Structure formats: C-alpha cells, structure tokens
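Visitor: What follows is a single structure, and I will ask about it in a moment.
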Amino acid sequence: MSTMAVDYEEADELFTKNQVSEKHLAKLFRADDILVTREEGEEIAVICHSVHSQESGMISLACRLWEFDASFHLGPKTFGLIWPRRTDTAIGDPMPIINLSIYPLKYGVQGLRKRLLERGRMLWSCRFQKYVSYDAPKQGIDAQAIHARYMIDMNAYHELHPESNTRRENWRMGDIDEATMESDNPPPDDFLLCLPATLRGYWFLKKRWMTLKIRYIKEVTWEESAFETLVLDNHKKEMLKALVTTHDSGNSSLDVIEGKGNGLILLLHGPPGTGKTLTAEGIAELTHKPLYRVTCGDIGTTPDVVERYLDSVLHIGRVWGCVVLLDEADVFLEERSPMNLERNALVSIFLRVLEYYEGILILTTNRVGTFDEAFKSRIQLAIHYPSLNQEDRMSIWSNFLESMGDEVDILGLRKKYMVLSLTPLNGRQIRNTIKTARQLALFKKEVMGYSHLQETIKISNEFENYIQQAMGQTHAQRAVDTSMRAPEPTE
Numbered sequence: 001m002s003t004m005a006v007d008y009e010e011a012d013e014l015f016t017k018n019q020v021s022e023k024h025l026a027k028l029f030r031a032d033d034i035l036v037t038r039e040e041g042e043e044i045a046v047i048c049h050s051v052h053s054q055e056s057g058m059i060s061l062a063c064r065l066w067e068f069d070a071s072f073h074l075g076p077k078t079f080g081l082i083w084p085r086r087t088d089t090a091i092g093d094p095m096p097i098i099n100l101s102i103y104p105l106k107y108g109v110q111g112l113r114k115r116l117l118e119r120g121r122m123l124w125s126c127r128f129q130k131y132v133s134y135d136a137p138k139q140g141i142d143a144q145a146i147h148a149r150y151m152i153d154m155n156a157y158h159e160l161h162p163e164s165n166t167r168r169e170n171w172r173m174g175d176i177d178e179a180t181m182e183s184d185n186p187p188p189d190d191f192l193l194c195l196p197a198t199l200r201g202y203w204f205l206k207k208r209w210m211t212l213k214i215r216y217i218k219e220v221t222w223e224e225s226a227f228e229t230l231v232l233d234n235h236k237k238e239m240l241k242a243l244v245t246t247h248d249s250g251n252s253s254l255d256v257i258e259g260k261g262n263g264l265i266l267l268l269h270g271p272p273g274t275g276k277t278l279t280a281e282g283i284a285e286l287t288h289k290p291l292y293r294v295t296c297g298d299i300g301t302t303p304d305v306v307e308r309y310l311d312s313v314l315h316i317g318r319v320w321g322c323v324v325l326l327d328e329a330d331v332f333l334e335e336r337s338p339m340n341l342e343r344n345a346l347v348s349i350f351l352r353v354l355e356y357y358e359g360i361l362i363l364t365t366n367r368v369g370t371f372d373e374a375f376k377s378r379i380q381l382a383i384h385y386p387s388l389n390q391e392d393r394m395s396i397w398s399n400f401l402e403s404m405g406d407e408v409d410i411l412g413l414r415k416k417y418m419v420l421s422l423t424p425l426n427g428r429q430i431r432n433t434i435k436t437a438r439q440l441a442l443f444k445k446e447v448m449g450y451s452h453l454q455e456t457i458k459i460s461n462e463f464e465n466y467i468q469q470a471m472g473q474t475h476a477q478r479a480v481d482t483s484m485r486a487p488e489p490t491e
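full-length UniProt numbering applies: residue 1 is where the sequence shown begins, and numbers increase by one.
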C-alpha cells in the first residue's frame, strides 16, 4: 500500500470516530460538502466550493452561501481555518471535529441537520408575506420584542427602505426561478439547509423593523375567544361580528367613484376603560388579521406630517390586510371652527383618508360630544360603550383572574368576585390592580389572593378620592359638564 493510501486510511479512521488531527485537517473538507459554522450565535450552513492549503498552515475554504432579500441569491464567502493550539493537549493529538470553527455537517451533533431543515422550511414559508409569532428567550433585550408578532415581507421592507435594495456585483441573480418561488414545494434539502438564520420583521408595537432569529419564529395562534369574552351587549357584539367577518367578501362599492366607500369604518365611543381598545384587539383575532395600532402621538400635529403619516399607515394596512386602530382619535374628530384653521386642515385630511380607505379602520374616542358632523356619513357603525355596571365588573374580574392559573388562589378569589365588583373601577383599572397585586405577591413570595387585591385597591382609592376633591367633581361629571359625553345611567 502506498504512503498516500496509508495516510488517507489513517485519516478516515479518525473521521469515523468524529476526530481530526492537524496532519489530516485539510482532508476533512471536500468540494460540494455542506459545512457548518457559527455567526453571532447562530449555526450557518454553507456549500464548500474548493479547499486550499497555505504555507502558513491555514486552510482556505472557498464556499457559497444563500442570502434572501425577497429573492434568493447564491454568493461567495471564504473561511480561513487554523488548527487551534491548546495547552492541555500534546502536539499531534486529535480533537473532536465539532470543536473546529467550521466543519462538515455530517459530523455535527445529533439533531443539527433536522434543526437546519426546519429553519429552512420556515424561511421558505416566509418568502412572500407572512404574519408570525416570535418567542425568543430573554437575553437583555426588550421583553415585548421577544414575545410578539411580526410581519415578514421583504418586498415591503425594500419599498420602505430603498437604500437597502442593493445587489453585490459578484452575486448570481435569479438562482431560484419564478416557478419554483411560486411552488408550495421547496427546493431540495441541500438548499433548505443553507438558508440564512435571520430575517427582517416589522414590529407593530414600536413600528420598526427588527432582525429576527428564524428558529424562534412560529405560526400565529389566533385567540378567537378574545372577541367572545368581551364585556359588551350581545346585540352589539353580533353586529360587529357580522360586519368584520363579511367585509372582505362583501366589499363591492355602492359609490360611483372607483375606490371610494369600500372601507369598513367603525367608531367605538365611551368612557375610558370600557373595552374599546380590547374590542379592536378581539376583532383582529377573530378575523385573523394583524392589528396596526396608531395613536395621535404617532401621527403628529401639522397637516403635512399628518397626511404623509396617515397615507403611509393606511398603505401598510391595505398591503398587509390589517385592522387599523386609531386610538384616542379625538383631535381628528373634533368639530371644525373658524378660529382654528390648522385643526380644520387636520380634520379635512382625515375626512379624505376615511373616504378612500378600503380596509377595516376602527376609531376610538371618549369625547364624542365634540364630534364633527361630517364624520357621521363616513362611519358605517358607531357603538357606545357605557360605564361598567356591577355585573360587567364581575365579568371582567372573572375573565382576568381565571386566566392566571396557578399564579392565584382562584378558589378563594371566586368567593370574592361580588365584593370586588362593588368598587367602581373601569376595565383598565381592574387590569392594573391585578398586575400590581401580582407583583406585591411575588415580592412577598406568596400566591396572589384577595388580601393583595384589597391592599392595592385601598391605595388606588386614596388617589382617586384626592383627585375628586381637587377637581370638585369626578372625571365623568366633568365630561358631562363640558359636553364631551352624555350622562351615564347610574347603577
């Protein structure tokens, strides 16, 4: 047997044990092998194109890797590999292959290939437009960002960020043809294995694009029960459900002008904490649509800024099929006056936007008494949310507490629902009370019970009573006196 044959036999024997020595390092790599390395904590698979041994002892691996930016592109990347020197081993001793900074996938740990394939299939499913859930472990970043929903749409990303739409000259274009892109069946496994580990996704809460690790992306689980558990008159709930679930199928316009009057514009009005925002969230879950929530603070106050922002929001809402929620829209709904030309311009812009929007747009306000008359004809349905009565409050306490599982002494709390409902809190105040009581119980290392809620309510009531004394009336009374709202029925 020749010296070279013995040399290769020795190398193969090492490789079968998932070991490699410095002498045989270059023999580990072959053209067309799939190699694995790590970048920013993520496993990346690349295709080996050629292997070159340099006099310095470094192995140069010319590879190809896939990138995705609304289409797939195969391009070059070179990796340099030097035998790692360790003080705890003798020169010439072998080491586990997976301890190298880059190595063939076939020597990887059990389950690695499966994980890479699953990640590749998820990216393939996001190649056009996909609304996804994201659930990553907390690692010093915003907890809201790692347990959230995102829209993945690279075409929209490039449309909104033209400067990002650049191509590297040495990257081959059109490696995945249009027919394959349109197919539900992805290309072979070797392609899926080598897809990127991250994607850009739009975070609706903060209205910005984030880099997402694909291994944490999941299908959205819609909470359709969120709509059913709304504390709202059943007739109103049925009307809302009918409108939002049939909007897409019955949106032929009755207007002569094309593109006008196809939208579903809903107005939800009533005192704070009565369920208006929660209704919008429930509608989004019921219709399986993203919720795009916008406040007046996001939009701006000058007419030119407002117009650009609203056009942008409603364009995104149309492209992604969102339920757009304009929360606390009072400034845009307020009656026009000859004394305030700038606000009149804002109202006029908003009226035009409502006229031509084709999706579901929900407006909320607690100041309907200042409503401009021109909006009446633009709104398909307006729903009043009265102040909560005792029965409503009991339902809200129950809904919140029953969803908390083992975190609370639910058997003890069920006996106190009636007592809790006697305190005239709105829905948001009830939620905040539970949140505060939960933190108090965690601090005391106790299971949350009635005593924690009682203590929280007592402190909150002191603040409410102080405000009432300072104002000489309640907020509800002031809203009536200033014609913002009509009087609410007393319990």
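Ideal Cβ positions, reconstructed from N, Cα and C, are used throughout, including at glycine. It should be emphasised that the depicted structure is a prediction, and the values quoted were computed from it without experimental measurement.
How many angstroms separate the CA atom of Gly273 from the CA atom of Ile434?
Guide: So the two alpha carbons sit approximately 14 Å from each other.
Visitor: Mind listing, in chain order, the continuous alpha helix (DSSP H) runs of no fewer than 4 residues lying wholly within the segment 8 to 37?
Guide: The segment 8 to 37 contains no whole alpha helix (DSSP H) run of 4 or more residues.
Visitor: Using the three-state DSSP reduction, which class does Trp209 fall into: helix, strand or coil?
Guide: Reduced to three states, the DSSP call for Trp209 is strand.
Visitor: CB-CB under 6 Å to Val368, same chain, minus the five flanking residues each way: which ones, in chain order?
Guide: So the list reads His269, once near-sequence residues are dropped.
Visitor: For Leu314, which residues in the same chain have their Cβ closer than 7 Å to its Cβ, ignoring the five residues on either side in sequence?
Guide: Hits under 7 Å: Val324, Val353, Tyr357.
Visitor: Based on the DSSP output, what are the partners of Val132 in its beta bridges?
Guide: Tyr150, Glu219, per the DSSP bridge assignment.
Visitor: Within the continuous alpha helix (DSSP H) that includes Glu307, where are the two ends?
Guide: Counting along the chain, the alpha helix (DSSP H) containing Glu307 begins and ends at 303 to 319.
Visitor: On a Cα-Cα basis, can you pick out the residue from Arg30, Ser451, Leu123 that is closest to Met181?
Guide: Ranking Arg30, Ser451, Leu123 by Cα distance to Met181 puts Leu123 first.
Visitor: Under 8 Å, with one C-beta from each stretch per pair, do the segment 379 to 393 and the segment 414 to 431 reach the 3-pair mark?
Guide: Judged by Cβ distances under 8 Å, the segment 379 to 393 makes contact with the segment 414 to 431, as three or more pairs qualify.
Visitor: Look at the alpha carbon of Glu224 and the alpha carbon of Phe72, and state the distance between them as a whole number of angstroms.
Guide: So the alpha carbons of these two residues sit roughly 36 Å apart.
Visitor: For Ile362, count neighbouring C-beta atoms within 10 Å of its own C-beta (all shown protein chains included) and say buried if the count is 16 or more, exposed if not.
Guide: Ile362 should be labelled buried.
Visitor: Between the alpha carbons of Ala329 and Glu163, how many angstroms are there, rounded?
Guide: Answer to the nearest angstrom: the Cα atoms are 33 Å apart.
Visitor: Which of helix, strand or coil does DSSP assign to Ile467?
Guide: The answer is helix: DSSP assigns Ile467 an H, G or I state.
Visitor: Put Lys236 into one of helix, strand or coil per three-state DSSP.
Guide: Helix, per DSSP.
Visitor: Tell me whether the segment 198 to 216 and the segment 235 to 244 touch, counting them as touching only if at least three CB pairs, one residue from each stretch, are closer than 8 Å.
Guide: With the cut-off at 8 Å, the segment 198 to 216 and the segment 235 to 244 do not touch.
Visitor: Within 10 angstroms of the Cβ of Ser36, are there 16 or more other Cβ atoms? Answer buried if so, exposed if not.
Guide: Before going on, a small fix: residue 36 reads as Val here, not Ser. Buried: at least 16 other Cβ atoms inside 10 Å.
Visitor: Given a threshold of 16 other Cβ atoms within 10 Å of its Cβ, counted over all protein chains shown, does Arg127 qualify as buried or as exposed?
Guide: Burial call: buried.
Visitor: From Tyr134 to Glu281, what does the alpha carbon distance come to, in whole angstroms?
Guide: Between Tyr134 and Glu281, the C-alpha separation is close to 18 Å.
Visitor: Please work out which residues of its chain come closer than 7 Å, Cβ to Cβ, to Ser53, disregarding the five sequence neighbours upstream and downstream, and give them in chain order.
Guide: For Ser53, where only same-chain residues beyond five positions count, the Cβ hits under 7 Å are Ala26, Ile59.
Visitor: Do Leu291 and Leu230 have their CB atoms nearer than 9 Å?
Guide: In this structure, Leu230 does not lie closer than 9 Å to Leu291 by Cβ.
Visitor: Helix, strand or coil, according to DSSP, for Thr229 in the structure here?
Guide: In the structure shown, Thr229 sits in coil (DSSP, three-state: anything other than H, G, I, E or B).
Visitor: Within a Cβ cutoff of 7 Å, which residues of the same chain sit near Trp397, ignoring the five residues on either side of it in sequence?
Guide: Within the same chain, Trp397 has close Cβ partners Tyr417, Leu420, Ser421, Ile430.
Visitor: Kindly indicate which three-state DSSP category Thr198 falls into: helix, strand or coil?
Guide: Note: Thr198 maps to strand in three-state DSSP.
Visitor: Roughly how many angstroms separate the alpha carbons of Leu116 and Leu453, rounded to a whole number?
Guide: Rounded to whole angstroms, Leu116 to Leu453 spans 48 Å at the Cα level.
Visitor: Under the three-state reduction of DSSP, which class applies to Trp124: helix, strand or coil?
Guide: In this structure, Trp124 counts as helix in the three-state DSSP scheme.
Visitor: Who are the near neighbours of Cys194 in its chain, counting only those whose CB is closer than 7 Å to its CB and skipping five residues on each side?
Guide: Once the five neighbours on either side are set aside, the close Cβ partners of Cys194 are Ile34, Ala45, Val46, Ile47, Leu65, Trp66.
Visitor: Nearest to Thr221 by CA position, among Glu43, Ser312, Thr287, Arg85, is which residue?
Guide: Thr221 has its Cα closest to that of Thr287, out of Glu43, Ser312, Thr287, Arg85.
Visitor: With burial defined as no fewer than 16 other Cβ atoms inside 10 Å of the residue's Cβ, what is the status of Val256: buried or exposed?
Guide: Confidence at Val256 is low in this model, with a pLDDT of 44, below 50, so the placement of that residue should be treated as unreliable; the coordinate-derived value is given next. Result: exposed.
Visitor: Verify whether the separation of the beta carbon atoms of Ile152 and Gly201 is less than 9 Å.
Guide: The answer is yes: Cβ separation under 9 Å.
Visitor: From Leu300 to Phe443, what distance separates their C-alpha atoms?
Guide: The sequence given here has Gly at residue 300, not Leu. C-alpha separation (whole angstroms): 40 Å.
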